[in-house]
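Chains as they are written, first to last, in the numbering used here: chain V, 1150 to 1484; chain W, 1150 to 1484. Since the structure comes first, as structure tokens, the remarks are kept for the end.
2 protein chains.
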Amino acid sequence: MHIEELATPVLVVDIDALDHNIDAMAAARPGPALRPHVKAFKSTEMARYVAGRGGHRNFCCATLREIRGMAFAGLGDDLLLANETLDAAVLATLVRRDDARITVAVDSDETVDVAVEAGADVLIDVDVGLPRCGCRPDDASRLAERARSGGVSVRGVMGYEGHVVGNPDREARTAAVAESMDLLRRAHDAVGGDVVSAGGTGTYDLHDWATEVQAGSYLLMDTAYSELDLPFTQALSVWSTVVSVSPGRWAVLDAGLKAFGMDHGNPTVDGHPVFFCSDEHTTVLPDSNGGLPAIGSKVPMTPAHVDPTVAYHETLVAVSAGNVVDRWPVDLRGW
Amino acid sequence: MHIEELATPVLVVDIDALDHNIDAMAAARPGPALRPHVKAFKSTEMARYVAGRGGHRNFCCATLREIRGMAFAGLGDDLLLANETLDAAVLATLVRRDDARITVAVDSDETVDVAVEAGADVLIDVDVGLPRCGCRPDDASRLAERARSGGVSVRGVMGYEGHVVGNPDREARTAAVAESMDLLRRAHDAVGGDVVSAGGTGTYDLHDWATEVQAGSYLLMDTAYSELDLPFTQALSVWSTVVSVSPGRWAVLDAGLKAFGMDHGNPTVDGHPVFFCSDEHTTVLPDSNGGLPAIGSKVPMTPAHVDPTVAYHETLVAVSAGNVVDRWPVDLRGW
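Shown next, in the form of structure tokens:
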């Protein structure tokens, strides 16, 4: 089936671009040096593809549902919930499975106690500058001690420099990563363990000390990350149909606010400025020659932010040279 | 079950507030004078509730999937696809059902021909000032003629003054509605038919000529519409759990960009300024007394925009006085 025969809106991954991205990352960070982040694509089928081609077997998840889905799919070699949870009952159910190794981030007495109750291994999550989760570096050893006293294994530390990953100035990005890693090193010296987990797509090649980088956006990419000097290429689009044209003034595409994560701004359309998005529509303006696409024609749109875009869709349609080659259910949505 | 026992993030509708909104609207626009818009809540169970309490049997849909779901659910008395479609095959399948009356908006030769091919009744969709779908008013009679020549019934006209509905100045809103309705009246004079469909939540009481108003947001409401002088109250929230606290600095809630439509801005939290949202988190700042919620506590958040928020969730949990009374699947998501 040709891509233009698909009902729209439809989420499309260009598998040749995806292959390029997998290969570029695997060359820089092979095997366990990368922990692909499932939150960016929320599909066990796609995770299997990434594992197969990229050679990575350890995955990172943001929700318990992602952990559960990956375990059920046979991808549970080493799953990190890179997030805090207070849900001891669900976590315990997952830990009791014998087909998955589950590690959870902790940053407080309460989250340590949840991990202990569930019997989950932990990483001490350290605040390295992003105002979000993570304990103060000086508090890391106390939390590690609490976890060990409770009988669970402390595998090491984690620190996400999310305030840095989008900085387009590579020199500034490099310096900021070094500052963050100084904080994480201080915590690791006190905590110990084999694992130092850090980073993201924007800083994947700026880590010489962390044992693994957590990255997900590199696989599909978006217009926000494309402003950085990264070797990854746009692999994700939402295809739409032109449902209305006001001649000489605008055209209306049938993909809107319910097809795109909008926090990084509007999607983009080649040649046509985006006027505005509404629930099921995007109005685009004429190109520089005054031209508009014809009613019924198909138009690819590029999301500004991958992760919340994927979370709106049921299926990732894999395409090569314009033809559908696979369909990956987005089966890890929700909570 | 108490609301605080629910796993988070979870979409919650306060059914007492919903009842108030249904009643306030039904008093102003009873029965067929209102065509509730399914796109705002995407749930056949909730549509059934609105039909039962509000007395409205005619619904408005934005997608073919919404039409299909409503027909299957036995809510097909009079379904309007208030949107253009080029998918004659799917539309024809729906029209052939004998349990639904389906009418579709058309604004071009191409969309008229699709309706004719599918055998669907039509409304002529007229551009009344919103730069989106709709033909020019003076093109309406030609399109109506084309539809009638093709053997389908032209039920009337539709015009959505979406550029007006959010204007907080009631006087300006009233004047702008009148201008839009002048355009729609011109088209209706040429087209004929019993139906004049217009409006939205922000202009529901400013229509004295349209035979029906299309409104959906009034049911659940959001922070954007709450700035208008409307008699509807906030009925929708997303409940979250505090998963991390940096004492004196911030708290982190477990609902973020994948739980909220973000085009109208951040969700709000009572008492706590929202610092920023990321995929699965919202970081909030201390309240005016420097206080932060405790780790593990539950916090309701109010979405800035209802429709794309609901589209991220699988279930609407109906709550009365803090207790769960029903669960409505959000079964009309996707396309």
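Just so it is clear, CB atoms sit at the ideal spot from N, CA and C, and this is done for glycine as well.
Between the segment 1412-1422 of chain W and the segment 1194-1209 of chain W, can you find at least three pairs of beta-carbon atoms closer than 8 Å? In short, these stretches do not touch, since the Cβ pair count stays below three.
Could you tell me which of C1210/W, A1460/W, G1180/W and F1381/W sits nearest to A1506/W, measuring between CA atoms? Residue 1506/W falls outside the range modelled here, since chain W spans only 1150 to 1484, and no answer is possible.
Hey, E1266/V and K1447/V: beta-carbon distance below 8 Å or not? Between E1266/V and K1447/V, the C-beta spacing is not below 8 Å.
For the candidate residues L1279/W, S1257/W, L1183/W and V1303/W, whose alpha-carbon lies nearest to that of I1251/W? Of L1279/W, S1257/W, L1183/W and V1303/W, the residue nearest in Cα terms is V1303/W.
In chain order, which continuous runs of the alpha helix (DSSP H) of length 4 or greater are located wholly inside the segment 1244-1272 of chain V? Positions of the alpha helix (DSSP H) runs, each at least 4 residues long and wholly inside the segment 1244-1272 of chain V, are given as 1258-1267 in order along the chain.
Amino acids of chain W, ordered along the chain, whose beta-carbon sits closer than 7 Å to that of A1211/V: Neighbours of A1211/V on chain W, chain order: D1428 and E1429.
Looking at the structure shown, is P1181/V part of a helix, part of a strand, or coil, going by DSSP? Annotated three-state conformation of P1181/V is helix, per DSSP.
Going along chain V, which residues have a C-beta under 9 Å from D1287/W? Residues of chain V passing the Cβ test: none, with the nearest at roughly 13 Å.
How is H1413/V classed by DSSP in three states: helix, strand or coil? It is coil, neither helix nor strand.
Would you tell me roughly how many angstroms separate the C-alpha atoms of T1432/W and R1217/V, rounded to the nearest one? The C-alpha of R1217/V is placed about 26 Å away from the C-alpha of T1432/W.
Nearest-angstrom Cβ-Cβ length linking V1187/W and F1208/W, presumed shorter than 8 Å: Taking 8 Å as the upper bound for CB-CB distance, V1187/W and F1208/W are in contact here, some 5 Å apart.
State yes or no: is the beta carbon of S1395/W nearer than 8 Å to at least one beta carbon in chain V? Yes - at least one Cβ of chain V is within 8 Å of the one on S1395/W.
What residues in the segment 1405-1422 of chain V bring their beta carbon closer than 7 Å to a beta carbon of chain W? For the segment 1405-1422 of chain V, the set of residues with a beta-carbon nearer than 7 Å to any beta-carbon of chain W comprises L1406, K1407, G1410, M1411 and D1412, in chain order.
Just to confirm, is the Cβ distance from V1161/W to V1466/W under 8 Å? The criterion of a C-beta distance shorter than 8 Å is satisfied by V1161/W and V1466/W.
Starting from T1242/V, find everything on chain W with Cβ-Cβ shorter than 9 Å and list it in chain order. Result: empty, since nearest Cβ-Cβ is about 13 Å, beyond 9 Å.
Hey, which unbroken runs of the beta strand (DSSP E) at 3 residues or more fall wholly within the segment 1272-1313 of chain W? Unbroken beta strand (DSSP E) stretches of 3 residues or longer found wholly inside the segment 1272-1313 of chain W: 1303-1308, given in chain order.
For chain V, is any of its Cβ atoms less than 8 Å away from the one on R1206/W? No, no contact with chain V.
So, at 6 Å on beta carbons, what are the nonlocal neighbours of S1393/W in its own chain, with the 5 sequence-adjacent residues on each side left out? By the criterion of a C-beta distance shorter than 6 Å, S1393/W is surrounded in its chain by V1401, once the five residues flanking it on both sides are discounted.
Of all the options A1384/W, S1298/W and Y1374/W, which has the alpha carbon lying nearest to the alpha carbon of G1414/W? Taking only the C-alpha atoms, the option nearest G1414/W is Y1374/W.
Integer-rounded CB distance, given that G1283/V should sit under 8 Å from A1347/V: Not really, about 11 Å apart at Cβ, beyond 8 Å.
Verify whether the separation of the beta carbon atoms of T1458/V and P1452/V is less than 8 Å. With a cutoff of 8 Å on beta-carbon distance, T1458/V and P1452/V are scored as near each other.
Contacting positions in the segment 1447-1461 of chain W - beta carbon closer than 8 Å to chain V: Going along the segment 1447-1461 of chain W in chain order, one finds H1454, D1456, P1457, A1460 and Y1461 with a Cβ nearer than 8 Å to chain V.
Using a Cβ-Cβ cut-off of 8 Å, state whether I1273/V counts as contacting chain W. False, the Cβ-Cβ gap to chain W never drops below 8 Å.
By Cβ distance, which residues of its chain are closer than 6 Å to V1362/V, with the 5 residues on each side in sequence left out? Shown here for V1362/V: same chain residues with a beta carbon closer than 6 Å to its own, the five before and five after excluded, namely R1178, L1183, G1348, Y1353 and H1356 in chain order.
Considering only residues of the same chain and omitting the five flanking positions on each side of P1442/V, which have a CB-CB separation below 6 Å? Closer than 6 Å at the Cβ level, and outside the excluded window around P1442/V, lie V1391, A1400 and V1448.
Determine the burial state of M1370/V: buried for a count of at least 16 other Cβ atoms within 10 Å of its Cβ, exposed for fewer. Around the beta carbon of M1370/V, 16 or more other beta carbons sit within 10 angstroms, so the residue counts as buried.
Going along the segment 1228-1258 of chain V in order, which residues come within less than 9 Å of chain W, judged by CB to CB distance? Those would be N1232, E1233, T1234, L1235, D1236, V1239, D1256, S1257 and D1258, in chain order.
Segment limits, alpha helix (DSSP H) that includes M1219/V: Judged by DSSP secondary structure, M1219/V falls within the alpha helix (DSSP H) whose first and last residues are L1213 to F1221.
Out of R1281/V, S1257/V, D1456/V and A1321/V, point me to the one whose CA is closest to E1294/V's CA. Scanning R1281/V, S1257/V, D1456/V and A1321/V for the CA closest to the CA of E1294/V turns up S1257/V.
For D1172/V and T1193/V, what's the separation of their Cα atoms in angstroms? Each residue's Cα considered, the two are about 19 Å apart.
According to DSSP, simplified to helix, strand and coil, what is M1150/W? Here M1150/W sits in coil by DSSP.
Cβ of R1281/W less than 8 Å from any chain V Cβ? It does; some Cβ of chain V falls within 8 Å.
Using a Cβ-Cβ cutoff of 9 Å, what residues of the segment 1150-1164 of chain V are near chain W? List them in chain order. Hits within the stretch, in order: A1156, T1157, P1158 and V1159.
With DSSP collapsed to three states, give me the class of K1407/V. Residue state, collapsed to three classes: coil.
Report buried or exposed for W1388/V, applying the criterion of at least 16 other Cβ atoms within 10 angstroms of its Cβ. Burial check for W1388/V: the Cβ neighbour count within 10 Å reaches 16 or more, so the residue is buried.
For A1325/V, which residues from the same chain have a beta carbon less than 6 Å from its beta carbon, with the 5 sequence-adjacent residues on both sides left out? Taken in chain order, the residues that qualify are V1313.
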